[in-house]
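To keep things clear, I will list the structure first and then write my remarks on it.
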Amino acid sequence: MKVTVVGAGAVGASCAEYIAIKNFASEVVILDIKEGFAEGKAMDLMQTASLNGFDTKITGITNDYSKTAGSDIAVITSGIPRKPGMTREELIGINAGIVKTVAANLLEHSPNVTLIVVSNPMDTMTYLVHKTTGLPKNRIIGMGGALDSARFKYRLAEALEAPISDVDGMVIGGHSDTGMVPLTAHATRNSIKVSEFLSEERLSQVAEDTKVGGATLTKLLGTSAWYAPGAAVSSLVQAIACDQQKMFPCSVLLEGEYGLNDICIGVPVILGKNGIEKIVKIELTEDEKNKMQQSAEGVRKTNALLEL
């Protein structure tokens, strides 16, 4: 199993590290345009192998896509990260050109690859990959929902004063501060709805804290987060590589599901060896349906900025 990560910045390197530590891939290739940067990251990570007990080979490459040939899965993290005060949507002009070029180069050398898109604005970048590559929809996956759901569960556990292993919850909709739809009505603590433990006001606060999770970290760090995004990506890669048939909310191309067409947006899917094995339909409350439609409108406005 060969996995390529394009972009050796904080998110890409974190993603490569988590994949290597989980020890399910034979090789992880990290590619970056900055001379020597990916090589340095790879060398640093390989020097942890004996300490962290993994045998995955990590290779760093400067802008030579021929070395990515035969990749089963590729992760696109390249592009400029957010700075404090920036929205994900403001990145579209620069990142669209980068993502389009990266996807084309990956497919030239690995025509059977499954692509995971991380670059922001993530839903629109996922849509761009669909429109410019012609790949089947099961092989193009946007990462955002897995990360947003992890942040949701963190906030739920915080509010419940419970261990996070007790908590389950999901975020669908667009990967933006205004587009996320945390499914508070479906969230549980050991199969008991969290509404049994938390007031409606506290649950609303959890939802709002979740939606600005990325912006909160960007303000604190001065740039985008990387540990949780890297972990989220590695979980998706592992689910595909190991045919785990696990459910994650991911940005996928919808063709009538959830009443939406010709849009990439976060919904629950089953991930396995074929990428997206199935889009899962869940019953939403009227409020959730309305929020999902509003989220889709926001994504479409950003999509309209693309030069397709």
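In UniProt numbering, the protein residues as written are 1 to 308.
C-beta atoms are modelled at their ideal positions from N, C-alpha and C, and glycine is treated no differently.
Rounded straight-line distance, which links the Cα of residue j to that of residue i
{"i": "GLN238", "j": "GLN244", "result": "8 Å"}
{"i": "PRO111", "j": "ARG189", "result": "43 Å"}
{"i": "THR77", "j": "SER119", "result": "5 Å"}
{"i": "THR114", "j": "VAL167", "result": "30 Å"}
{"i": "GLY298", "j": "ASP123", "result": "10 Å"}
{"i": "LYS219", "j": "PRO84", "result": "5 Å"}
{"i": "THR210", "j": "ASP148", "result": "7 Å"}
{"i": "MET43", "j": "VAL28", "result": "12 Å"}
{"i": "ALA74", "j": "ARG151", "result": "24 Å"}
{"i": "CYS15", "j": "VAL181", "result": "25 Å"}
{"i": "VAL194", "j": "ALA25", "result": "37 Å"}
{"i": "SER191", "j": "MET170", "result": "14 Å"}
{"i": "VAL117", "j": "LEU198", "result": "35 Å"}
{"i": "GLY70", "j": "GLU196", "result": "50 Å"}
{"i": "ILE282", "j": "VAL102", "result": "34 Å"}
{"i": "CYS242", "j": "MET1", "result": "9 Å"}
{"i": "GLU35", "j": "SER224", "result": "22 Å"}
{"i": "TYR18", "j": "PHE37", "result": "19 Å"}
{"i": "HIS175", "j": "ASN138", "result": "19 Å"}
{"i": "LEU306", "j": "ILE265", "result": "16 Å"}
{"i": "LEU284", "j": "THR302", "result": "25 Å"}
{"i": "ASP287", "j": "ASN261", "result": "20 Å"}
{"i": "PRO163", "j": "ALA13", "result": "28 Å"}
{"i": "LYS291", "j": "THR132", "result": "29 Å"}
{"i": "LEU183", "j": "SER66", "result": "43 Å"}
Extent of the continuous alpha helix (DSSP H) to which residue i belongs
{"i": "ASP148", "result": "144 to 160"}
{"i": "LYS301", "result": "286 to 303"}
{"i": "VAL181", "result": "It is not in any alpha helix (DSSP H) - VAL181 instead sits in the beta strand (DSSP E) that spans 180 to 182."}
{"i": "VAL233", "result": "227 to 241"}
{"i": "SER204", "result": "200 to 211"}
Those residues which DSSP pairs with residue i across a bridge
{"i": "VAL167", "result": "ARG189"}
{"i": "LYS278", "result": "ILE270"}
{"i": "GLY173", "result": "MET180, GLY266"}
Range of the contiguous beta strand (DSSP E) that encloses residue i
{"i": "ILE270", "result": "261 to 272"}
{"i": "LEU253", "result": "246 to 255"}
Which ranges would you report for the beta strand (DSSP E) in the UniProt domain "Lactate/malate dehydrogenase N-terminal" (1 to 142) if only whole runs of at least 3 residues count? Segments of the beta strand (DSSP E) lying fully in the UniProt domain "Lactate/malate dehydrogenase N-terminal" (1 to 142): 2 to 6, 27 to 32, 57 to 62, 73 to 76, 114 to 117, 140 to 142.
For the stretch 155 to 170 and the stretch 195 to 209, state whether three or more C-beta atom pairs, one from each stretch, are separated by less than 8 Å. They touch, by the three-pair rule.
Take every Cβ of the stretch 97 to 110, pair it with every Cβ of the stretch 251 to 267, and state whether three or more of those distances are shorter than 8 Å. no
Would you call the stretch 267 to 276 in contact with the stretch 47 to 54, where contact means no fewer than 3 C-beta pairs closer than 8 Å? no
Taking 8 Å as the cut-off, does the stretch 125 to 136 touch the stretch 95 to 106 (at least 3 CB pairs, one atom from each stretch)? Per the Cβ contact rule, the stretch 95 to 106 is in contact with the stretch 125 to 136 (3 or more Cβ pairs under 8 Å).
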